[in-house]
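A quick write-up on the structure given underneath.
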Ligand code: SF4
Ligand code: SF4
């Protein structure tokens, strides 16, 4: 990841933010993480997720987004059921202890839309602020 040193925050503009929140006050013991270098984008894992917390990341060509697509997991909604890690035909999803998953995310994530740079978020918010002079 080229900009892994930057602070990432949840992307508030992603459609995943419109999905139901995870129930319960405590986060799950385990979280699923995609090793994107091994992900073929086959979408098998998406079908088996009971809370619909696996999102597609389009490939680099906007005119053909399905080519070289991968998936990523919304940590804020994953319930740690392990279905995806069992279902993935390429063994490219691993269950991590909750805190370890965030550390591994930094090295295993090549492309994300669920998380954005904090500075990018600030830039977008400032650009769309009603107080901004026109
Ligand atoms: S099942 Fe595995 S290879 Fe297929 S999209 Fe999910 S993580 Fe990627
Ligand atoms: S562990 Fe379960 S809830 Fe989490 S992403 Fe995988 S299938 Fe979905």
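Residue numbers (the working numbering): 348 to 481. Virtual Cβ for every residue (Gly too), placed ideally from N, Cα, C.
Exercise. Do you know whose CA, among 382, 474, 462 and 477, lies nearest residue 362's CA?
Worked result: 462
Exercise. Mind pulling the beta strand (DSSP E) runs of 3 or more residues that sit fully within the stretch 383-408?
Worked result: 401-404
Exercise. Assuming residue 392 and residue 435 make a contact with CB atoms under 8 Å, what is their CB distance in whole Å?
Worked result: Indeed they touch by this definition, with Cβ atoms about 5 Å apart.
Exercise. So, residue 420 versus residue 379, is the Cβ gap smaller than 8 Å?
Worked result: yes
Exercise. Could you give the distance in angstroms between the alpha-carbon of residue 464 and the alpha-carbon of residue 473?
Worked result: 14 Å
Problem set entry | 6 Å Cβ shell around residue 415 - same chain, five flanking residues per side excluded | Answer for residue 415: 406, listed in chain order.
Exercise. Are the Cβ atoms of residue 440 and residue 398 separated by less than 8 Å?
Worked result: no
Problem set entry | Selection from 442, 467 and 476 that minimises the alpha carbon distance to residue 358 | 467
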